[in-house]
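Undergrad: Just add 19 to wherever you are in the sequence shown, counting from 1, and you've got the numbering used here. Cβ atoms here follow ideal geometry from the backbone N, Cα and C, with glycine treated the same way. A quick note: this is a predicted structure, and the numbers were derived from the prediction, not measured. Mind having a look at this structure? Questions to follow.
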Amino acid sequence: MRDHAGRGGAVLLITHDLGAALPVADRVAMIEDGRLTPPCAAAAFAGCGADLPPAARRQWRALPQNAFSDA
20 MRDHAGRGGA
30 VLLITHDLGA
40 ALPVADRVAM
50 IEDGRLTPPC
60 AAAAFAGCGA
70 DLPPAARRQW
80 RALPQNAFSD
90 A
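See below:
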């Protein structure tokens with residue numbers, strides 16, 4: 020996928036596995052309540068996710084490696 024993107028191609032990856040998507044994504048968008056949320060940079064998922072939009076932050080904090088954090 021990265022080779023294709025590096026040659027100017029686009030890749031749309033649809034998955035429920037946020038952990039698998041982040042290493043290969045430039046941008047991430049969520050679907051919440053049947054609506055597409057505004058995309059954010061995949062790099063924004065670093066750390067505690069405090070700078071993420073609300074829908075993305077909820078998904079990030081729900082990951083086991085983030086200890087299902089509320090903070």
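Find out if the Cβ-Cβ distance for the pair Leu-71, Cys-59 is shorter than 9 Å.
TA: Yes, the Cβ-Cβ distance between Leu-71 and Cys-59 is below 9 Å.
Undergrad: Please list, in chain order, all residues of the same chain as Leu-55 whose beta carbon is under 8 Å from its beta carbon, the five residues on each side excluded.
TA: For Leu-55, where only same-chain residues beyond five positions count, the Cβ hits under 8 Å are Ala-48 and Met-49.
Undergrad: So, with DSSP's three-state summary, where would you put Arg-80?
TA: Helix, per DSSP.
Undergrad: Using the Cβ count rule (16 or more neighbours within 10 Å means buried), how would you classify Ala-81?
TA: Ala-81 is exposed by the Cβ-count criterion.
Undergrad: When the Cα atoms are used, what is the spatial distance from Gly-25 to Gly-38?
TA: So the two alpha carbons sit approximately 22 Å from each other.
Undergrad: DSSP beta-bridge partners for Cys-59?
TA: Cys-59 pairs with Val-47.
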